[in-house]
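S.K.: First the structure, then my questions, so here it is.
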Amino acid sequence: MAAASGPFAVTSLRLGADRTAPPGFAPPPLTVEGRASAAGSVDAVTLTAGRWVTAPGEIVLERGSEPPGAGPGTRVTAGDVTLTVVGVAAARTVTARALRAE
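Residue numbering for the sequence shown follows the working numbering, starting at 4 and increasing by one per position.
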């Protein structure tokens, strides 16, 4: 083994449906993984838009998992929690669909 990282906290949440979604539509659960930073020797995250999280209540979404129209500056809800999307990223492996600072 050349390098290791983690363990990182992982949770699952369901973002609220977009206003344009059909009645009764519920987005699939989103796996959220904590990270110390976007950089790392194992499974580095490449920001494709925005920036890395710096404060509670911020989230970086994995490219392809963001709701329609969501991007840096957008607010998304998960239950009674509101999160601000500050970035969109691509990871070398697909273990999580959203990332937060840890």
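Even for Gly, the Cβ is constructed at its ideal location relative to N, Cα and C. Please read these numbers as outputs of a predicted model, since none were measured by experiment.
Where PRO59 and PRO25 are concerned, what is the direct C-alpha to C-alpha distance, given to the nearest angstrom?
M.R.: 31 Å
S.K.: What are the boundary residues of the beta strand (DSSP E) that includes VAL63?
M.R.: 61-65
S.K.: Taking LEU16 and SER68 to be in contact with their CB atoms under 8 Å, please state how far apart those CB atoms are, rounded to whole angstroms.
M.R.: Actually they are not in contact, since the Cβ atoms of LEU16 and SER68 sit about 12 Å apart, beyond 8 Å.
S.K.: What number of angstroms, rounded off, separates the C-alpha of VAL48 from the C-alpha of PRO75?
M.R.: 16 Å
S.K.: When DSSP builds the beta bridges, which residues end up paired with SER15?
M.R.: THR34
S.K.: Going by alpha carbons, who is nearest to PHE28 out of VAL35, ILE62 and LEU18?
M.R.: LEU18
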